[in-house]
Structures are given as structure tokens and as C-alpha cells.
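Heads up: the sequence shown begins at 0 in numbering that gives the first Met the number 0, then just goes up one per residue.
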Amino acid sequence: MGKAERQQRIIEVVQQRGEARLVDLEADVLASEVTLRRDLRELASLGRISYTRGVARARTRHTLEPTFHEKSRIAMTEKVLIARAAAELVMDGDAVIIGGGTTTLEFATQLVGMHIQVWTNSLLVADALADASTVDLHLAGGEVRGTTRAVVGSRAERFFTGLRAPFAFLSGNGFTVERGLTTPNARVAEIDRAMAASAAEVVALVDHTKMGVESLITTVPTSHVSRLITDDRASNIVVERGRRAGIAVDVVSGT
Numbered sequence: 000m001g002k003a004e005r006q007q008r009i010i011e012v013v014q015q016r017g018e019a020r021l022v023d024l025e026a027d028v029l030a031s032e033v034t035l036r037r038d039l040r041e042l043a044s045l046g047r048i049s050y051t052r053g054v055a056r057a058r059t060r061h062t063l064e065p066t067f068h069e070k071s072r073i074a075m076t077e078k079v080l081i082a083r084a085a086a087e088l089v090m091d092g093d094a095v096i097i098g099g100g101t102t103t104l105e106f107a108t109q110l111v112g113m114h115i116q117v118w119t120n121s122l123l124v125a126d127a128l129a130d131a132s133t134v135d136l137h138l139a140g141g142e143v144r145g146t147t148r149a150v151v152g153s154r155a156e157r158f159f160t161g162l163r164a165p166f167a168f169l170s171g172n173g174f175t176v177e178r179g180l181t182t183p184n185a186r187v188a189e190i191d192r193a194m195a196a197s198a199a200e201v202v203a204l205v206d207h208t209k210m211g212v213e214s215l216i217t218t219v220p221t222s223h224v225s226r227l228i229t230d231d232r233a234s235n236i237v238v239e240r241g242r243r244a245g246i247a248v249d250v251v252s253g254t
């Protein structure tokens, strides 16, 4: 079992039970005490769990908002695969809306060389495409959130008014079939809603760590998500329930 798979298993066990002792995790995860302690400290530093005195406890993600740098250390291999699959939906001549996030940033890098228009509120997406001579790039103005490197606020929301792009590629802090894409931040929710409303189809880019996870505020309800792209470590239950709800769910694999 690799590190990423082992840590995801730790998170699943802790979330299912609410809390788990180190000695119990040794049997569930089949790893040594030294390895588990290292994993638990790392997961705690990323805000995925809390860990004190040999006991790991689940943390609610309803109001937890990791920074861009924290998220950039999670499931990056899977995010690249998701980004590549998403890029296959885009054709020369398209206009696409891209929201903020680590997965959407990876998606943007896949678009270099295409003859398209990109409308975004992400400083990082804009930077990734700034030198792409074939990309007609548009960046929203407004208040910059340093933790996510994205622009929010009423000015940014008005920026997308009147657009009708074929696709909006969005992510979030979590996705559940009951609520759709969610975020812990109200201002992020408003700008994501504005982007979603300005596209014919919303494509959700959601790695396995966010599938079945919900946060405080719904940004895009399930009924407005046309397609969801995730990786093969995502919960099969959530994937199948998403399909039954009418979402075209694509599962990408590295093999």
C-alpha cells in the first residue's frame, strides 16, 4: 500500500468511527507504528484530521477551508489525470469559464496551444495562460483572497454577467449527491454561482478526497452539474448515486 492510499485509508477509518487509537489503526491500515505516527502528524498538519496523544479524531469540513498551498499537496497525481480528461472536452473556438482551485489550475495548463477564450477569477489560472498566444484571456477584477489566489466580490460576479460559455469548469471543497458542490466560504459560493450561471454546462472536477464530503454552503446543486470527473479512488457508492441523479460521471485511472 502506497503512502497516498494508506493516508486515504486512515482518513476513511477515522471518519467512519469519529476517532481511532493508534493501536487500532495498525490493524486496520496494516502499517507500522512509526509509519502511522508520521502519517497522522502529516494529515493533522493538513487539517484532514486532529491527532493528539495517540488518538486521531475526525474534523468537520463544513467550515474548514485549506489554503491553496495545503490543497496543492493532496492527490496531485489524480488531479493531473482529471485535468487531462477535462481538457478533452474543449475544442478550438470554445469559450470556457474556469474557477479557482488546484485541479482547475492543472486543467488550465492543459489548454496551452488551443485557440480558445478563457474567462476566470483565478490569478493562478491567468498566470498559467498569460503567455499562451492562442488563448484570449479574461481575468475578473475585485477582491483577491490570498488563501485561494482567486478574485471574489460583486465586481467579480458582474464580470461574468451576460456570458453564455459552453462550459464552466469548477471545483470545490466537497461534493455530495444530496447537495452538489460545496464550499465553507460565502464569497466563494457567490462567485462560483455566477460562473455556473454563465455556462451552458457545469463540469465539476472533484478528486476522490472530496467525493462524499460536504461543506457549509452549496455553490452548484447536483441538478446543475452536467458532468463530474473524478479518479478511480473515489467512492463507488457516490459515483453510482451521481449517475442515477443524471450526472455524466467520468472516472479516470492512471493505469
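For glycine and all other residues, C-beta sits at the position ideal for the given N, C-alpha and C.
Keep in mind the model is a prediction, meaning the values are calculated, not measured.
Identity of the residue in the options nearest residue i by Cα
{"i": "Ser-170", "options": "Met-113, Ala-74, Val-248, Gly-98", "result": "Gly-98"}
{"i": "Phe-168", "options": "Leu-180, Phe-158, Arg-157", "result": "Leu-180"}
{"i": "Asp-231", "options": "Thr-221, Val-219, Ile-9, Met-210", "result": "Met-210"}
{"i": "His-114", "options": "Val-95, Thr-160, Val-205", "result": "Val-95"}
{"i": "Asp-206", "options": "Tyr-50, Phe-106, Ala-55", "result": "Phe-106"}
{"i": "Gly-161", "options": "Thr-229, His-137, Ser-197, Val-89", "result": "Ser-197"}
{"i": "Trp-118", "options": "Asp-93, Arg-148, Asp-130", "result": "Asp-93"}
{"i": "Leu-88", "options": "Phe-166, Arg-148, Phe-159", "result": "Phe-166"}
{"i": "Gly-100", "options": "Arg-148, Phe-159, Thr-208", "result": "Arg-148"}
{"i": "Phe-159", "options": "Asp-91, Ala-195, Thr-175, Val-187", "result": "Ala-195"}
Alpha-carbon to alpha-carbon, residue j and residue i
{"i": "Ser-234", "j": "Arg-36", "result": "26 Å"}
{"i": "Ala-55", "j": "Ile-48", "result": "7 Å"}
{"i": "Val-237", "j": "Leu-204", "result": "14 Å"}
{"i": "Arg-83", "j": "Ile-216", "result": "28 Å"}
{"i": "Ile-9", "j": "Arg-40", "result": "12 Å"}
{"i": "His-137", "j": "Val-33", "result": "49 Å"}
{"i": "Val-250", "j": "Asp-135", "result": "30 Å"}
{"i": "Gly-253", "j": "Glu-189", "result": "34 Å"}
{"i": "Gly-1", "j": "Ala-244", "result": "33 Å"}
{"i": "Thr-62", "j": "Ala-185", "result": "Confidence at Thr-62 is low in this model, with a pLDDT of 49, below 50, so the placement of that residue is unreliable and no value is reported for it."}
{"i": "Gly-241", "j": "Val-28", "result": "28 Å"}
{"i": "Thr-208", "j": "Val-79", "result": "14 Å"}
{"i": "Glu-11", "j": "Glu-18", "result": "11 Å"}
{"i": "Val-175", "j": "Ala-131", "result": "One point to set straight first is that residue 175 is Thr, not Val, in the sequence displayed. Computed Cα separation, rounded: 35 Å."}
{"i": "Leu-122", "j": "Val-22", "result": "44 Å"}
{"i": "Ser-31", "j": "Glu-77", "result": "26 Å"}
{"i": "Val-187", "j": "Ala-26", "result": "40 Å"}
Contacting residues, own chain, Cβ-Cβ under 7 Å from residue i (five flanking each side not counted)
{"i": "Gln-6", "result": "Asp-38, Leu-42"}
{"i": "Asp-91", "result": "Met-113, His-114, Ile-115"}
Beta-carbon gap between residue i and residue j smaller than 8 Å
{"i": "Arg-20", "j": "Gly-53", "result": "yes"}
{"i": "Glu-239", "j": "Ala-193", "result": "no"}
{"i": "Gly-173", "j": "Ser-222", "result": "no"}
{"i": "Ala-125", "j": "Arg-163", "result": "no"}
{"i": "Gly-112", "j": "Thr-133", "result": "yes"}
{"i": "Gln-14", "j": "Ala-57", "result": "yes"}
{"i": "Leu-128", "j": "Leu-104", "result": "no"}
{"i": "Ile-81", "j": "Thr-102", "result": "yes"}
{"i": "Ile-228", "j": "Ala-74", "result": "no"}
Neighbour-count burial assignment, residue i, 16 or more Cβ in a 10 Å radius
{"i": "Ser-153", "result": "exposed"}
{"i": "Glu-4", "result": "exposed"}
{"i": "Thr-51", "result": "exposed"}
{"i": "Val-224", "result": "buried"}
Proximal residues to residue i (C-beta, below 6 Å), its chain only, five neighbours per side dropped
{"i": "Arg-226", "result": "Val-202, Ala-247"}
{"i": "Leu-24", "result": "Leu-35"}
{"i": "Val-150", "result": "Asn-120, Ala-139, Gly-141, Val-143"}
Any non-hydrogen atom of the ligand FAD closer than 7 Å to residue i Cβ
{"i": "Leu-88", "result": "Questions concerning the ligand FAD fall outside what the structure shown contains, since it holds no ligand whatsoever."}
Close Cβ partners of residue i (< 8 Å) along its chain, the five nearest in sequence each way excluded
{"i": "Asp-191", "result": "Gly-98, Leu-169, Gly-171, Leu-180, Thr-182, Thr-218, Val-219"}
{"i": "Glu-177", "result": "Glu-213, Thr-221"}
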